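J.: Right, I'll just put the structure down here and ask away after.
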Amino acid sequence: MPLSIFGYLGIIALIGIIVNDSLVLVSKMNTFLKEGMEFKEAVYQAGVVRFRAIFLTSLTTIAGLAPLMLEKSFQAQFLIPMAVSVSYGITIATVITLIILPVMLMVKNELKRRFHWARH
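Oh and the sequence shown: position 76 is 102 in this note's numbering, straight run, nothing missing.
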């Protein structure tokens with residue numbers, strides 16, 4: 027399927043959704059850190075607490091776009107690339123937000139802890 031201008035608009039919308047999901051997770055993690063929780067536990071608890079919100083938001087967005095992706099009418103043909111790019115992008119972004127982002131935060135914190143002497 028060729029990518030049209032609507033497909034590119036879908037990608038731009040997708041960037042906003044990804045940033046929002048990541049902010050929800052990181053914001054909750056920062057709240058736990060301010061409460062005095064250890065970093066590893068704060069990352070874990072943020073994932074546990076915000077899993078439902080992030081997952082259900084992604085799932086309902088994909089479910090809402092599914093009828094458009096399956097539409098066969100001529101009028102919908104222009105919007106189908108946008109729906110496809112957003113749906114697949116959200117699927118991948120949800121995995122990245124819920125799995126890869128916490129891992130990256132843990133690795134960053136561990137590197138910062140081990141190489142604290144290099145900052146000075």
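We put the beta carbon where it would ideally sit given N, CA and C, even for glycine.
Quick caveat, the model's predicted, so the values are computed rather than measured.
1. How many angstroms separate the CA atom of V121 from the CA atom of A89?
2. Under three-state DSSP, which class holds F100?
3. Can you tell me whether L49 is buried or exposed? The criterion is at least 16 other CB atoms within 10 Å of its CB, across all chains shown.
4. If we call anything under 8 Å between Cβ atoms a contact, is F32 one with P107?
5. Tell whether a beta-carbon distance below 8 Å holds between V69 and M132.
6. If the criterion is Cβ atoms closer than 8 Å, does the pair I80 and L124 meet it?
7. If you draw a straight line from the C-alpha of A39 to the C-alpha of E97, how long is it?
T.: A quick look at the data gives this:
1. In the sequence shown, counting from the first residue as 1, residue 121 sits at position 95. In the sequence shown, counting from the first residue as 1, residue 89 sits at position 63. For V121 and A89, the distance between alpha carbons rounds to 17 Å.
2. Position 74 of the sequence shown, counting from 1, holds the residue named residue 100. In this structure, F100 counts as coil in the three-state DSSP scheme.
3. Along the sequence shown, one-based indexing puts residue 49 at 23. Exposed, by the Cβ-count rule.
4. For the purposes of this step, residue 32 is taken as the residue at position 6 of the sequence shown. For the purposes of this step, residue 107 is taken as the residue at position 81 of the sequence shown. Yes, the pair counts as a contact, with Cβ atoms nearer than the cut-off.
5. As a first step, residue 69 is located in the sequence shown; it is residue number 43 there, counting from the start. As a first step, residue 132 is located in the sequence shown; it is residue number 106 there, counting from the start. A contact, by the Cβ cut-off of 8 Å.
6. By 1-based counting over the sequence shown, the position of residue 80 is 54. By 1-based counting over the sequence shown, the position of residue 124 is 98. Contact flag set, yes.
7. The residue labelled residue 39 in the question sits at position 13 within the sequence shown. The residue labelled residue 97 in the question sits at position 71 within the sequence shown. Taking the straight line from one Cα to the other gives about 21 Å.
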